[in-house]
Amino acid sequence: MATAAVSAERENYLNKEYGIRSWLLTTDHKRIALLYLVSITFFFFIGGFMALLIRLELLTPAGDLVLADTYNKLFTMHGQIMVFFFLIPSIPATLGNFLIPMMIGAKDLALPRINLLSWYLYIAGGALMLYAMVEGGVDTGWTFYTPLSTAFSNTHVVEAGLAIFIAGFSSILTGLNFVVTVHRMRAPGLTWSRLPLFVWAHYATSVIQLLGTPVIAITLVLVVLERTLHLGIFDPNLGGDPLLFQHLFWFYSHPAVYIMILPAMGVVSEVLACFSRKRIFGYGAVALSSIGIAVIGFIVWAHHMFVAGISLYSALVFSILTYLVGVPSAIKVFNWTATLYKGSISFATPMLYALGFIGLFTIGGLTGLFLASLGLDVHVTDTYFVIAHFHYIMVGGAVMGYMAGLHFWWPKITGRMYPEWWGRLAALIVFIGFNLTFFPQFILGYMGMPRRYWQYPPEFQILNVMSTAGSTILAVGYLLPMVYFMWSLRYGKVVGDNPWGAAGLEWKTSSPPPTFNFDETPEVTWEAYNYDQIPVPKEAWLEQ
Amino acid sequence: MIEHFPLWPPGASSISGNVDALYIFLTLLSLVMTVAIFATILVFVTKYRRREGVDAEQIHGSVPLELAWSIIPMMIFMLIFAWGAVIYFQERTPPRTSAEVYVVAKQWMWKIEHAEGQREINELHVPVGRDVRLIMTSQDVIHSFYVPAFRIKQDVLPGRYTTEWFRATKPGTYHLFCAEYCGTAHSGMIGDIVVMEQSDYEAWMAGGKANGTLASNGADLFQTLGCPTCHRTDSQGRGPNLIGVFGKPVLLEDGRTVMADENYVRESILSPAAKVVNGYKPIMPVFQGLVTDEQLNSLVAYVKSLSQPPAGTQSAAAGTKMGPKE
């Protein structure tokens with residue numbers, strides 16, 4: 131451990147400067163990543179608290195905990211905060227920000243000041259969202275469907291819409307930065323076919339952010355204009371078309387699902403390779419499937435509208451395209467599973483989350499087949515089946531991936547290790563709590579319980595009680611890491627530069643890394659995941 | 003048997019069995035796939051646990067495997083797509099002889115009017131075995147007419163008609179839910195679909211007081227609004243003769259052809275200048291805001307009745323043809 135002690139004393143991005151100014155005016159991608167980490171964690175717990183209140187209300191069939199209007203605001207803002215202020219920035223703005231320059235051997239992102247600007251835009255949007263919340267909230271559903279949002283709701287639609295508009299630019303700038311960085315800043319010898327899959331996944335994500343986000347931004351501006359100036363765009367009473375809104379909204383918001391899930395897939399590829407000590411099976415297929423998902427993901431949006439009043443034939447087209455986007459997702463799952471074959475597998479916390487991701491994403495993906503099927507979607511759309519499905523993707527998938535990544539790179543970010551046994555325990559609690567919360571909702575959905583119901587017929591109660599019970603377990607599972615991560619900042623064991631014995635350039639620099647990441651620009655002469663050339667460390671947290 | 007499983011919704015329409023069959027197939031397929039993947043992972047992580055002195059074997063991949071696990075899922079997906087599409091086709095293609103019921107949704111209630119003139123609120127009575135087509139519109143925001151027992155759902159939009167249809171197969175009372183979030187009392191916008199034996203239904207119909215059929219009310223309104231001044235029953239009027247127009251293609255002034263369906267009639271009343279019939283001038287006054295959605299429904303029903311054989315309405319014909327089944 132002598133080397134670890136030395137590396138902890140080295141000058142790094144954390145101890146180089148102190149004081150609030152050195153953080154708020156930083157252009158270091160690693161510090162900006164931490165600014166994002168703190169901010170999105172804040173929003174995650176606000177959104178999570180709302181989710182708990184929702185689940186508590188649904189414990190009984192009658193609407194008896196909060197008022198109907200309050201309930202409507204809770205699920206609206208739970209969705210808006212979790213989607214726009216947690217999930218969209220989650221992995222890209224924290225882990226992506228922190229790691230992409232290091233993974234490609236660069237000193238920083240290509241546009242460091244733009245990177246800081248994107249955080250400020252996020253904070254401005256988040257502040258406006260909080261303002262809308264404390265002023266009384268929004269009750270349109272996170273989907274802002276018109277004409278409810280433009281002509282009928284008496285809540286703070288304009289503030290919430292503008293908040294998401296502003297946060298959208300933060301997302302666009304992050305995407306832009308990543309695209310430019312990956313194209314222009316790769317270290318000598320780091321060809322596209324040697325890039326870590328984490329970088330491929332983020333590249334695909336960034337393209338979606340760049341092309342998709344402006345559409346939701348414009349759409350929300352149109353909502354604000356119709357609401358304030360009565361411009362007839364979506365409201366039929368003003369000569370508009372409410373379905374136009376849905377097309378524009380989902381044109382972004384479906385690909386947005388891939389903004390959330392692709393980075394998590396990138397994390398899973400890194401973690402699986404490391405804890406199997408193997409190159410990812412079918413590297414090319416996994417890399418290209420990210421691009422495939424990003425491209426096809428743009429032409430499936432109207433599968434959210436099979437009962438909305440679109441024509442029968444356009445529904446057929448969107449259904450078949452939706453099945454097409456299932457293929458690259460299936461390819462990834464099969465390749466990850468095959469990666470385990472003849473590996474040398476150990477089960478540290480990141481690996482548990484990654485394996486959990488594969489399982490839950492598989493269930494989320496398979497239930498997507500139900501929803502893509504036209505005849506079945508008519509029955510289950512807008513029911514709890516949909517709620518369960520997308521939480522398996524977004525929480526079972528994206529959040530599990532985020533947790534895997536946070537644990538995996540925690541020693542790189544902080545120079546200290548989290549307590550491994552607490553980590554494994556929390557991962558287990560999250561897995562159990564998640565399934566208990568959301569699996570009953572598939573059955574509720576097929577039984578016909580519509581989403582966004584404040585009160586419901588008594589025959590749905592048993593399943594709702596199970597779901598609510600699960601949500602409390604899930605809450606414990608998320609609070610634990612919060613506590614032990616904080617604890618580890620002071621008391622965590624100081625570790626060396628590469629405690630997992632992981633491949634990847636980010637592990638070749640010290641932990642925590644110096645401000646400009648590398649003392650000398652590395653030259654890459656090897657393929658990604660060259661685990662046959664990296665010794666297995668004999669550290670305690672890798673033993674079983 | 004499925005009906006007695008407590009975690010299963012009642013199935014009470016001609017298509018509910020088809021939807022259930024696809025659901026069961028997909029559930030089994032998902033189960034097989036999930037178990038297969040979980041089991042494979044479990045076997046691998048057990049068999050290839052890290053051991054002293056045993057290194058991982060570096061395998062780069064396999065093109066045949068990649069092809070296999072792309073093409074085989076693709077083929078299964080296409081099968082599911084086709085199956086779902088066939089059911090969707092059934093769901094969206096009402097039989098020509100369907101009885102018609104008009105639905106007007108508003109925050110937060112369902113207003114229903116039968117072709118025979120009976121009105122209901124948050125309840126819809128239908129006989130077993132009759133094809134029923136709902137012609138729906140909303141007075142405010144988007145709602146969705148969802149009957150889980152029938153496995154059908156259709157959003158109800160302001161400013162246009164959307165339709166859905168069903169044939170109930172089992173007497174009973176079933177949930178009607180609004181499935182598209184519509185504001186404060188969304189979860190209170192519920193009702194009952196009462197499916198009755200034919201004889202019970204006839205008794206129910208006879209008990210209700212209806213002031214004329216929907217079409218005859220529409221005919222009265224047609225007179226009151228002064229429509230016959232231009233829409234004469236010969237070819238001399240300033241507006242087109244409406245007899246026999248409904249359900250046929252109409253050539254427009256700008257050369258397009260549109261189908262004269264409910265939405266076209268509705269639009270031609272509310273904003274006549276939008277699609278002017280070839281050979282006529284855009285002189286008709288705008289009725290947007292002057293007629294309620296219910297009045298509009300009766301006018302549409304009247305225009306439709308002008309294209310049907312004079313004896314008896316469509317729905318009555320359908321009713322006698324069907325009779326109690328099951």
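Those sequence lines, one after another, are chains A and B.
Residues 131 to 674 in the numbering used here are what the first sequence spells out, letter by letter.
Residues 3 to 328 in the numbering used here are what the second sequence spells out, letter by letter.
By construction, the Cβ of each residue, glycine as well, lies at the ideal position given by its N, Cα and C atoms.
Inset, instruction - Would you verify that the beta carbon of Arg162 (chain B) is, or is not, closer than 9 Å to some beta carbon of chain A? - result: Position 160 of the second sequence holds residue 162 (chain B). Yes - at least one Cβ of chain A is within 9 Å of the one on Arg162 (chain B).
Legend entry - Among A:Gly256, A:Met259, A:Ala223, nearest to Pro242 (chain A) - alpha-carbon criterion: The residue labelled residue 242 (chain A) in the question sits at position 112 within the first sequence. Cα-wise, what sits closest to Pro242 (chain A) is A:Ala223.
Inset, instruction - Work out the CA separation of Phe448 (chain A) and Gln92 (chain B) for me, nearest whole Å. - result: The residue you call residue 92 (chain B) lines up with position 90 of the second sequence. The residue you call residue 448 (chain A) lines up with position 318 of the first sequence. The straight-line gap from Cα to Cα measures roughly 18 Å.
Inset, instruction - Kindly provide the ranges of any alpha helix (DSSP H) runs that are 4 or more residues long and lie completely inside the region 494–575 of chain A, ordered along the chain. - result: 504–510, 514–523, 530–544
Legend entry - For Arg161 (chain A), the first and last residue of its enclosing alpha helix (DSSP H): Counting from 1 along the first sequence, the entry for residue 161 (chain A) is found at position 31. Looking at the DSSP string, the run of the alpha helix (DSSP H) that includes Arg161 (chain A) is 159–187.
Legend entry - Coarse secondary structure for Thr651 (chain A), derived from DSSP in three states: Indexing the first sequence from 1 puts residue 651 (chain A) at position 521. If DSSP states are grouped into helix, strand and coil, Thr651 (chain A) belongs with coil.
Inset, instruction - Tell me whether the beta-carbon of Leu223 (chain B) lies closer than 9 Å to the beta-carbon of Ser273 (chain B). - result: To locate residue 223 (chain B), count along the second sequence from 1; it is residue 221. To locate residue 273 (chain B), count along the second sequence from 1; it is residue 271. Contact flag unset, no.
Inset, instruction - Using a threshold of 9 Å, state whether the C-beta atoms of Pro644 (chain A) and Arg140 (chain A) are closer than that. - result: As a working mapping, residue 644 (chain A) is identified with position 514 in the first sequence. As a working mapping, residue 140 (chain A) is identified with position 10 in the first sequence. Contact flag set, yes.
Legend entry - Whole-angstrom distance between Trp552 (chain A) and Val337 (chain A), CA atom to CA atom: Within the first sequence, numbered from 1, the residue matching residue 337 (chain A) stands at position 207. Within the first sequence, numbered from 1, the residue matching residue 552 (chain A) stands at position 422. Going by the C-alpha atoms only, they are around 37 Å apart.
Inset, instruction - List the residues that DSSP assigns as beta-bridge partners of Cys180 (chain B). - result: Taking the second sequence and counting its residues from 1, the one referred to as residue 180 (chain B) is at position 178. B:Phe147, per the DSSP bridge assignment.
Inset, instruction - Would you identify the three-state DSSP class for His188 (chain B), choosing helix, strand or coil? - result: Position 186 of the second sequence holds residue 188 (chain B). Three-state DSSP puts His188 (chain B) in a helix.
Inset, instruction - Please confirm whether Leu325 (chain A) and Ala417 (chain A) have their CB atoms less than 9 Å apart. - result: Sequence index remark: in the first sequence, residue 325 (chain A) carries index 195 (1-based). Sequence index remark: in the first sequence, residue 417 (chain A) carries index 287 (1-based). Cβ atoms of Leu325 (chain A) and Ala417 (chain A): closer than 9 Å.
Legend entry - Distance cut-off 8 Å: Gln109 (chain B) Cβ against heavy atoms of the ligand SAM: This structure simply doesn't include the ligand SAM, nor any ligand for that matter.
Legend entry - Straight-line gap, Gln674 (chain A) to Glu550 (chain A) (C-alpha atoms, nearest Å): In the first sequence, residue 674 (chain A) corresponds to position 544, counting from 1. In the first sequence, residue 550 (chain A) corresponds to position 420, counting from 1. In this prediction, Gln674 (chain A) has a pLDDT of 46, which is less than 50 and means its spatial position is unreliable; what the coordinates show is noted afterwards. Approximately 11 Å between the Cα atoms of the pair.
Legend entry - chain B within 9 Å of His509 (chain A), Cβ atoms only: For the purposes of this step, residue 509 (chain A) is taken as residue 379 along the first sequence, with counting starting at 1. Closer than 9 Å: yes.
Inset, instruction - Write down every uninterrupted run of the beta strand (DSSP E) in the region 225–283 of chain B whose length is 3 residues or greater and which is fully enclosed by it, in chain order. - result: 251–253, 259–261
Legend entry - Buried or exposed by the 16-neighbour rule on C-beta atoms within 10 Å, applied to Asp269 (chain A): Taking the first residue of the first sequence as position 1, residue 269 (chain A) is located at position 139. Buried, by the Cβ-count rule.
Inset, instruction - Can you pull the chain B residues whose beta carbon is under 7 Å from the beta carbon of Gly209 (chain A), in chain order? - result: As a working mapping, residue 209 (chain A) is identified with position 79 in the first sequence. Residues of chain B passing the Cβ test: none, with the nearest at roughly 11 Å.
Inset, instruction - Whole angstroms is fine: what's the gap from Arg121 (chain B)'s alpha carbon to Ala275 (chain B)'s? - result: Working through the second sequence from its first residue, we reach residue 121 (chain B) at position 119. Working through the second sequence from its first residue, we reach residue 275 (chain B) at position 273. Cα to Cα, Arg121 (chain B) sits roughly 32 Å from Ala275 (chain B).
Legend entry - Assigned exposure category for Glu102 (chain B) - 16 Cβ within 10 Å defines buried: Position 100 of the second sequence, counted from the first residue, corresponds to residue 102 (chain B). Burial call: buried.
Inset, instruction - Give a yes or no on contact between the region 532–539 of chain A and the region 592–600 of chain A, applying the rule of three or more CB pairs nearer than 8 Å. - result: no
Inset, instruction - Tell me, please, whether the region 112–119 of chain B touches the region 197–215 of chain B by the rule of three or more beta-carbon pairs shorter than 8 Å. - result: yes
Legend entry - Members of the region 419–437 of chain A near chain B, C-beta cut-off 8 Å: Phe436, Val437
Legend entry - Contacting residues, own chain, Cβ-Cβ under 7 Å from Thr280 (chain A) (five flanking each side not counted): Position 150 of the first sequence holds residue 280 (chain A). Around Thr280 (chain A): Val353, Glu356, Arg357, Phe364, Asp365.
Inset, instruction - Measure the C-alpha to C-alpha separation of Asn245 (chain A) and Asn647 (chain A) and round it to an integer number of angstroms. - result: Here residue 245 (chain A) refers to the residue found at position 115 of the first sequence. Here residue 647 (chain A) refers to the residue found at position 517 of the first sequence. Each residue's Cα considered, the two are about 17 Å apart.
Legend entry - Among A:Ile162, A:Phe215, A:Gly193, A:Asn145, nearest to Phe174 (chain A) - alpha-carbon criterion: One-based indexing of the first sequence puts residue 174 (chain A) at position 44. The shortest Cα separation from Phe174 (chain A) among A:Ile162, A:Phe215, A:Gly193, A:Asn145 belongs to A:Phe215.
Legend entry - Delimiting residues of the beta strand (DSSP E) encompassing Lys155 (chain B): The count along the second sequence starts at 1 and reaches residue 155 (chain B) at position 153. Residues 154–158.
Inset, instruction - Output the boundary residues of the beta strand (DSSP E) element that contains Ile234 (chain A). - result: On the first sequence, position 104 is the one that residue 234 (chain A) refers to. Looking at the DSSP string, Ile234 (chain A) is not in any beta strand (DSSP E), and its letter there is neither H nor E.
Inset, instruction - Kindly identify the DSSP beta-bridge partner or partners of Leu308 (chain B). - result: Here the question's residue 308 (chain B) lines up with position 306 in the second sequence. DSSP lists no partner for Leu308 (chain B).
Inset, instruction - Quick one: grab the DSSP three-state call for Gly321 (chain B). - result: Your numbering for residue 321 (chain B) matches position 319 in the second sequence. Unreliable positioning characterises Gly321 (chain B) in this predicted model, as indicated by a pLDDT of 39, which lies under 50. A coordinate reading is not provided.
Legend entry - Between the CA atoms of Ala58 (chain B) and Lys408 (chain A) - distance to the nearest angstrom: The count along the first sequence starts at 1 and reaches residue 408 (chain A) at position 278. The count along the second sequence starts at 1 and reaches residue 58 (chain B) at position 56. Going from the Cα of Lys408 (chain A) to the Cα of Ala58 (chain B) covers about 6 Å.
Legend entry - CB contact check: Tyr514 (chain A) to chain B, cutoff 9 Å: To locate residue 514 (chain A), count along the first sequence from 1; it is residue 384. Taking Cβ atoms only, chain B never reaches closer than 9 Å to Tyr514 (chain A), which makes this a no.
Inset, instruction - Could you please tell me which residues of the region 175–206 of chain A, in chain order, have their CB closer than 8 Å to any CB of chain B? - result: Gly193, Ala198, Asp199, Asn202
Inset, instruction - Note the first and the last residue of the continuous beta strand (DSSP E) segment covering Met138 (chain B). - result: On the second sequence, position 136 is the one that residue 138 (chain B) refers to. Note, Met138 (chain B): beta strand (DSSP E), 133–140.
Legend entry - Selection of the region 476–506 of chain A by Cβ proximity to chain B, strictly under 8 Å: Ser476, Phe477, Leu485, Ile488, Gly489, Thr492, Ile493, Leu496, Thr497, Leu499, Phe500, Ala502, Ser503, Leu504, Gly505, Leu506
Inset, instruction - Might you give, ordered along the chain, the residues of its own chain that have their beta carbon closer than 6 Å to the beta carbon of Ala181 (chain A), omitting 5 neighbours on each side? - result: Here residue 181 (chain A) corresponds to residue number 51 of the first sequence, with the count starting at 1. So the qualifying residues of the chain are His208.
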